[in-house]
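Visitor:
2 protein chains.
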Amino acid sequence: MVIDMANEKLVKEITSMEEDFARWYTDVVIKAELIDYTSVRGCMVIRPYGYAIWENIQHILDTMFKETGHSNVYMPMFIPESLLQKEKDHVEGFAPEVAWVTHGGHEELEEKLCVRPTSETLFCEHYKNIIQSHRDLPKLYNQWCSVVRWEKTTRPFLRSREFLWQEGHTIHATAEEAEKETIQMLNVYADFCEKYLCMPVVKGKKTDKERFAGAEDTYTIEALMHDGKALQSGTSHYFGDGFAKAFGIQYSDKSNNLAYPHQTSWGCTTRLIGAVIMTHGDDNGLVLPPAIAPVQVMIVPIAMHKEGVADKAKEVLASIKKYCRADIDLRDQTPGWKFAEHEMKGVPLRLEIGPKDIENGQCVLVRRDTREKIFVPLAQLETKIPELLDSIAKNLFDTAAARRDRMTYVAKNLDEMVKIADEKPGFIKAMWCGDRECEDKLKETAGVTSRCIPFEQEELDGKCVCCGKPAKKMVYWGKAY
Amino acid sequence: MVIDMANEKLVKEITSMEEDFARWYTDVVIKAELIDYTSVRGCMVIRPYGYAIWENIQHILDTMFKETGHSNVYMPMFIPESLLQKEKDHVEGFAPEVAWVTHGGHEELEEKLCVRPTSETLFCEHYKNIIQSHRDLPKLYNQWCSVVRWEKTTRPFLRSREFLWQEGHTIHATAEEAEKETIQMLNVYADFCEKYLCMPVVKGKKTDKERFAGAEDTYTIEALMHDGKALQSGTSHYFGDGFAKAFGIQYSDKSNNLAYPHQTSWGCTTRLIGAVIMTHGDDNGLVLPPAIAPVQVMIVPIAMHKEGVADKAKEVLASIKKYCRADIDLRDQTPGWKFAEHEMKGVPLRLEIGPKDIENGQCVLVRRDTREKIFVPLAQLETKIPELLDSIAKNLFDTAAARRDRMTYVAKNLDEMVKIADEKPGFIKAMWCGDRECEDKLKETAGVTSRCIPFEQEELDGKCVCCGKPAKKMVYWGKAY
Chain A
1 MVIDMANEKL VKEITSMEED FARWYTDVVI KAELIDYTSV RGCMVIRPYG
51 YAIWENIQHI LDTMFKETGH SNVYMPMFIP ESLLQKEKDH VEGFAPEVAW
101 VTHGGHEELE EKLCVRPTSE TLFCEHYKNI IQSHRDLPKL YNQWCSVVRW
151 EKTTRPFLRS REFLWQEGHT IHATAEEAEK ETIQMLNVYA DFCEKYLCMP
201 VVKGKKTDKE RFAGAEDTYT IEALMHDGKA LQSGTSHYFG DGFAKAFGIQ
251 YSDKSNNLAY PHQTSWGCTT RLIGAVIMTH GDDNGLVLPP AIAPVQVMIV
301 PIAMHKEGVA DKAKEVLASI KKYCRADIDL RDQTPGWKFA EHEMKGVPLR
351 LEIGPKDIEN GQCVLVRRDT REKIFVPLAQ LETKIPELLD SIAKNLFDTA
401 AARRDRMTYV AKNLDEMVKI ADEKPGFIKA MWCGDRECED KLKETAGVTS
451 RCIPFEQEEL DGKCVCCGKP AKKMVYWGKA Y
Chain B
482 MVIDMANEKL VKEITSMEED FARWYTDVVI KAELIDYTSV RGCMVIRPYG
532 YAIWENIQHI LDTMFKETGH SNVYMPMFIP ESLLQKEKDH VEGFAPEVAW
582 VTHGGHEELE EKLCVRPTSE TLFCEHYKNI IQSHRDLPKL YNQWCSVVRW
632 EKTTRPFLRS REFLWQEGHT IHATAEEAEK ETIQMLNVYA DFCEKYLCMP
682 VVKGKKTDKE RFAGAEDTYT IEALMHDGKA LQSGTSHYFG DGFAKAFGIQ
732 YSDKSNNLAY PHQTSWGCTT RLIGAVIMTH GDDNGLVLPP AIAPVQVMIV
782 PIAMHKEGVA DKAKEVLASI KKYCRADIDL RDQTPGWKFA EHEMKGVPLR
832 LEIGPKDIEN GQCVLVRRDT REKIFVPLAQ LETKIPELLD SIAKNLFDTA
882 AARRDRMTYV AKNLDEMVKI ADEKPGFIKA MWCGDRECED KLKETAGVTS
932 RCIPFEQEEL DGKCVCCGKP AKKMVYWGKA Y
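One line per chain: the protein sequences are A and B, in this order.
Read in this note's numbering, the first sequence has 214 at position 214, and its numbers run on one by one without any break.
Position in the second sequence counted from 1, then plus 481, gives you this note's numbering.
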């Protein structure tokens, strides 16, 4: 990786978060070399550094999916119009935002095909072919692919016309089994976000208004970004037997009666990279959780051209590579330039080593999160580096959780809701009667949407924040990406 | 995985290769549960067993790409018409077979977008953004994705409208470097095919007629299938600076002069799965090379319901899982049914264990390739299983190489060429003068196409097989998938 000196200036040119959070975000994704724009509006290039983050996310999630019994498959990227239309709610939800293929080569197609926005209909068609008996159930499938939704306004990672994701699709003999799967996969997402992305999430159920087109229940994990906006970070849907009925999928049960199976789907996307940026980033750029950082430790030799320094640094690299993802920056730039560069790129630990350190058999480790400098004897690196990476992960989570808690408010009536939404970015907890009208009114007057009905309910008081009627559910509200 | 007894009959219903090779192939891909058909013509579902083979192929190749310095990236799946048109030969080659997106949501697009058939144009657009100086070179990129080519006739894995592949795209300061890369990646493909797929290949250069649209040189690896037809299994292209000129990509060299960089691309696809099927398969179904087999050892307990058998079999599973991919079949079916099932699926080794074996502290290993039965003490499994897997790989390669050699003929004139092409399926080696007219005439009269000009040239005689004029190149000809 070679970069011009001209870039030295660029590194310093990140807009501060305070000044303009949206511009800060764009600066980071471009200058940390995560993406590039293209002439295809709303679609991006994911560059090597951005894609390496996605590969790490994929690897961990894929392992978690396989450990819970799922297999990967691949479905076509096209859906014939007639297939998309089989489930009424589903097509209503997606038809307005799909891309249509109308021609193949020089010929017009007999039936137009949409580029998959999600693949429930394709999985259903396949299930109908392969499921006859209760012995064919369950099927626990997942696919990694890209999908297309023709969004009007787009932002890198957060909302783009094409994005990468995984979509799990499972089918079960009973409703209970399918419901259990739905919750299990929501928990997998939550564990993944908290443990590996160091990002606290609220688990809960979507309101009817916000649920997935065609689902009976949609569950979600919601995270709070640095600017106080919420980000839906993963969803898991329970379909009941609605799709099975629409597609005529039946199986013969143990008593040889025909029955409809029950389905789920669940997905998360490259949006998680946006979530990481906006959860942990700072005015110096990216801050990456160690579990998904392409490089966990970057070695920057000091006085590199003095005899023995580069060699010793390479020797250290070879030895630490055995237990962490490490790299070395031997480019012809000043150490200061390199420090700024790797801070910008969010590398969790920097390892500095110069002539004096070598004399003393030590080096300096610098944490990206706290910028703390720690002198470590070379012989102790093998215990110290993993320790520090763990400590960084813990600190990232704790800092994000504390901020999230600090930015979570309670509103007891409409005036309070409007005032908080207006003045204090963050989550707002409030009771809700369950009526769509109140949900719509909160959007209209306070500009907030329901994020979720959290599993962990709290007793705030008994009245709907909007209409004042009796309310049983506490809901998280907020402005969202 | 649960399967009806009804399938017992199906397992036995594979058409024999001799009777109808094409039907044998279709039977295998369906009955080994590699794919399912869909209502999207020419597109298939890759089922868990098929996809697991692809994941193993991906994993090995991805490691080889990274070891040779390549990074993964992701480009948009759409290409605006104007971008596709920038390189004249390229658009002429691909425009007739692309799918066009003309509408997004309910609106007609201002400019239609094709679904990528290959991504040279997108990479060029990106290179133009990120390459200014010689210090920005080389860029060694790869992407794993699906591409679309609107084929008229399709066959699972071999030719489908959508297929999965990887496409490497690199850009270099000099022609020499780019040419070296092109050959390096061809060698990576050849090594992969021979070492992991146990499939011998001929390495060579395509004739001008057969080269990739927009390339200066196309290199290929060609394999011979069981039925004597050739299969192009991977290609590597040298572009010179043609794309750079068409897209205006320039860099300032060390003397600060502007220069055009040189490019390559190289790809292989899910077609490799078809190649494996048609290279190693037999009348009992699939035969999988151990390196890519989803399950390398399948344990089938005998007299499973006798006390202690299932438990012992599970214990063996737990212990052999440490050094191979293993599974156990505990379904309520006869051992005979299970033997046929796992033979059909090409599992390299079957491990049988029954009450008597347990008494003797042994088990039976059965090779899929030779069907040889080997009694092995349980304590020796850890050395014997890896040994046998290696031996199977070697035998698969040797068998395929011997068949390929047996089915390779020499033709010295047009009559011989026509006669061999008519009577003896296989490769035909023959001299060629280099004229397109002779190449066309061989297609017309003998029905063969040039497969490649092999790196390993042989002196057959000095005259073109077609026109009899002086010829310098020995070429492999054949009928191809």
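All C-beta atoms in this analysis are idealised placements derived from N, C-alpha and C, irrespective of residue type, glycine included.
Does the beta-carbon of residue 142 of chain A have 16 or more other beta-carbons within 10 angstroms, so that it is buried, or is it exposed?
Guide: Position 142 of the first sequence, counting from 1, holds the residue named residue 142 of chain A. The residue is buried, with at least 16 neighbouring Cβ atoms inside 10 Å.
Visitor: May I ask you to list the residues that DSSP assigns as paired with residue 553 of chain B?
Guide: Indexing the second sequence from 1 puts residue 553 of chain B at position 72. Note: residue 553 of chain B sits in a beta bridge opposite B/623.
Visitor: Determine, for residue 776 of chain B, whether the minimum Cβ-Cβ distance to residues of chain A falls below 9 Å.
Guide: Within the second sequence, residue 776 of chain B is the residue found at index 295, counting from 1. Chain A contact via Cβ: absent.
Visitor: Is there a Cβ of chain A sitting closer than 9 Å to that of residue 483 of chain B, yes or no?
Guide: Here residue 483 of chain B refers to the residue found at position 2 when the second sequence is read from its first residue. For residue 483 of chain B, the pLDDT reaches just 34, beneath the cut-off of 50, and the residue's location in the model is therefore unreliable, although a value from the coordinates is still provided. Chain A, which has a Cβ nearer than 9 Å to the Cβ of residue 483 of chain B, makes this yes.
Visitor: Excluding sequence positions up to five away, which residues of its chain have a Cβ less than 6 Å from the Cβ of residue 847 of chain B?
Guide: Sequence index remark: in the second sequence, residue 847 of chain B carries index 366 (1-based). Here the set comprises 831, 854.
Visitor: Got a sec: which bits of the segment 506-523 of chain B sit with their beta carbon under 7 Å from any beta carbon on chain A, in order along the chain?
Guide: 517, 519, 520, 521
Visitor: Are the Cβ atoms of residue 701 of chain B and residue 919 of chain B separated by less than 9 Å?
Guide: For the purposes of this step, residue 701 of chain B is taken as the residue at position 220 of the second sequence. For the purposes of this step, residue 919 of chain B is taken as the residue at position 438 of the second sequence. Between residue 701 of chain B and residue 919 of chain B, the C-beta gap is not smaller than 9 Å, which leaves the two residues out of contact.
Visitor: Mind listing the chain A neighbours of residue 527 of chain B? Cutoff is C-beta to C-beta under 7 Å, in chain order.
Guide: Residue numbering aside, residue 527 of chain B sits at position 46 when the second sequence is read from its first letter. Near residue 527 of chain B (Cβ distances below 7 Å), the residues of chain A are 73, 74.
Visitor: Ignore the nearest five residues each way along the sequence and tell me which others in residue 457 of chain A's own chain have a CB closer than 6 Å to its CB.
Guide: Position 457 of the first sequence, counting from 1, holds the residue named residue 457 of chain A. Result list for residue 457 of chain A: 474, in chain order.
Visitor: Pick out whichever of A/258, A/119, A/172 has its Cα sitting closest to the Cα of residue 147 of chain A.
Guide: In the first sequence, counting from the first residue as 1, residue 147 of chain A sits at position 147. The shortest C-alpha separation from residue 147 of chain A is found at A/119.
Visitor: Write down the C-beta distance between residue 711 of chain B and residue 959 of chain B rounded to the nearest angstrom, noting that I regard them as a contact closer than 8 Å.
Guide: On the second sequence, residue 711 of chain B is found 230 positions in, with the first residue counted as 1. On the second sequence, residue 959 of chain B is found 478 positions in, with the first residue counted as 1. Right, their Cβ atoms sit about 4 Å apart.
Visitor: According to DSSP, is residue 834 of chain B helix, strand or coil?
Guide: For the purposes of this step, residue 834 of chain B is identified with residue 353 of the second sequence, where counting begins at 1. DSSP places residue 834 of chain B in strand when its eight states are reduced to three.
Visitor: For residue 132 of chain A, is the beta carbon positioned less than 8 Å from some heavy atom of the ligand GDP?
Guide: Judged by which ligands are present, the structure shown has none, so any question about the ligand GDP falls away.
Visitor: With 9 Å as the threshold, decide whether the Cβ of residue 583 of chain B is near any Cβ in chain A.
Guide: Translated into positions along the second sequence, residue 583 of chain B becomes position 102. Judged by the 9 Å Cβ criterion, residue 583 of chain B is in contact with chain A.
Visitor: Look at the alpha carbon of residue 764 of chain B and the alpha carbon of residue 498 of chain B, and state the distance between them as a whole number of angstroms.
Guide: The residue you call residue 764 of chain B lines up with position 283 of the second sequence. The residue you call residue 498 of chain B lines up with position 17 of the second sequence. Taking the straight line from one Cα to the other gives about 6 Å.
Visitor: Can you find a CB in chain A that lies within less than 9 Å of the CB of residue 675 of chain B?
Guide: For this step, residue 675 of chain B is matched to residue 194 along the second sequence. False, the Cβ-Cβ gap to chain A never drops below 9 Å.
Visitor: So is residue 268 of chain A in contact with chain B if we call contact Cβ pairs under 9 Å?
Guide: For this step, residue 268 of chain A is matched to residue 268 along the first sequence. Interface residue (Cβ-Cβ distance to chain B less than 9 Å): residue 268 of chain A is not classified as such.
Visitor: Determine, using beta carbons only, whether residue 56 of chain A and residue 532 of chain B come nearer to each other than 9 Å.
Guide: As a first step, residue 56 of chain A is located in the first sequence; it is residue number 56 there, counting from the start. As a first step, residue 532 of chain B is located in the second sequence; it is residue number 51 there, counting from the start. No; because the gap between Cβ atoms is not below 9 Å, this pair is not in contact.
Visitor: Under a CB-based cut-off of 9 Å, is residue 610 of chain B close to chain A?
Guide: Translated into the one-based positions of the second sequence, residue 610 of chain B becomes position 129. With 9 Å as the cut-off, residue 610 of chain B counts as an interface residue toward chain A.
Visitor: Tell me which residue opens and which closes the beta strand (DSSP E) that residue 334 of chain A is part of.
Guide: As a position in the first sequence, residue 334 of chain A is number 334, starting the count at 1. It is not in any beta strand (DSSP E) - residue 334 of chain A carries neither H nor E in the DSSP assignment.
Visitor: When you compare only the Cα positions, how much space is there between residue 145 of chain A and residue 166 of chain A?
Guide: As a working note, residue 145 of chain A is residue 145 in the first sequence. As a working note, residue 166 of chain A is residue 166 in the first sequence. When the Cα atoms are used, residue 145 of chain A and residue 166 of chain A turn out to be separated by approximately 6 Å.
Visitor: In three-state DSSP terms, what is residue 593 of chain B?
Guide: Indexing the second sequence from 1 puts residue 593 of chain B at position 112. If DSSP states are grouped into helix, strand and coil, residue 593 of chain B belongs with the strands.
Visitor: I'd like to check one pair, residue 517 of chain B with residue 528 of chain B: are the Cβ atoms closer than 9 Å?
Guide: Sequence index remark: in the second sequence, residue 528 of chain B carries index 47 (1-based). Sequence index remark: in the second sequence, residue 517 of chain B carries index 36 (1-based). Contact flag set, yes.
Visitor: From the DSSP output, which residues share a beta bridge with residue 273 of chain A?
Guide: Taking the first residue of the first sequence as 1, we reach residue 273 of chain A at position 273. Answer by DSSP bridge pairing: none, since residue 273 of chain A is not bridged.
Visitor: Can you tell me which of the three DSSP states residue 416 of chain A falls into?
Guide: As a first step, residue 416 of chain A is located in the first sequence; it is residue number 416 there, counting from the start. Here residue 416 of chain A sits in helix by DSSP.
Visitor: Output, in chain order, the set of chain A residues within a Cβ distance shorter than 7 Å of residue 958 of chain B.
Guide: Locating residue 958 of chain B in the second sequence gives position 477, where the first residue counts as 1. Chain A residues near residue 958 of chain B: none, gap ~29 Å exceeds 7 Å.
Visitor: Could you check whether the Cβ of residue 8 of chain A sits closer than 9 Å to any Cβ belonging to chain B?
Guide: Position 8 of the first sequence holds residue 8 of chain A. Note on residue 8 of chain A: pLDDT 45, under 50, position unreliable in the model; no value is reported.
Visitor: Considering only residues of the same chain and omitting the five flanking positions on each side of residue 922 of chain B, which have a CB-CB separation below 7 Å?
Guide: Counting from one through the second sequence, the residue named residue 922 of chain B turns up at place 441. Within the same chain, residue 922 of chain B has close Cβ partners 947.
Visitor: Please confirm whether residue 961 of chain B and residue 930 of chain B have their CB atoms less than 9 Å apart.
Guide: Position 480 of the second sequence, counting from 1, holds the residue named residue 961 of chain B. Position 449 of the second sequence, counting from 1, holds the residue named residue 930 of chain B. Against a cut-off of 9 Å, the Cβ pair of residue 930 of chain B and residue 961 of chain B comes out as a contact.
Visitor: Excluding sequence positions up to five away, which residues of its chain have a Cβ less than 7 Å from the Cβ of residue 486 of chain A?
Guide: Not covered by the structure: residue 486 of chain A. The range shown for chain A is 1 to 481.
Visitor: The alpha helix (DSSP H) with residue 320 of chain A in it runs from where to where?
Guide: Numbered from its first residue, the first sequence carries residue 320 of chain A at position 320. 309-320 is the extent of the alpha helix (DSSP H) around residue 320 of chain A.
Visitor: So if I threshold CB-CB distances at 7 Å, which residues from the segment 147-163 of chain A count as touching chain B?
Guide: 150, 162
Visitor: May I ask you to verify whether the segment 761-775 of chain B touches the segment 860-875 of chain B, counting CB pairs closer than 8 Å and requiring at least 3?
Guide: yes
Visitor: With C-beta atoms as the reference, is residue 812 of chain B less than 9 Å away from residue 777 of chain B?
Guide: As a first step, residue 812 of chain B is located in the second sequence; it is residue number 331 there, counting from the start. As a first step, residue 777 of chain B is located in the second sequence; it is residue number 296 there, counting from the start. For residue 812 of chain B and residue 777 of chain B, no; Cβs fall outside 9 Å.
Visitor: Counting Cβ pairs, one atom from each stretch, are 3 or more of them under 8 Å apart for the segment 610-619 of chain B and the segment 677-686 of chain B?
Guide: The answer is no - the segment 677-686 of chain B does not touch the segment 610-619 of chain B, with fewer than three Cβ pairs under 8 Å.
Visitor: Give the DSSP bridge partners of residue 649 of chain B, in chain order.
Guide: Taking the second sequence and counting its residues from 1, the one referred to as residue 649 of chain B is at position 168. In the DSSP output, where bridge partners are listed per residue, residue 649 of chain B has B/623, B/747.
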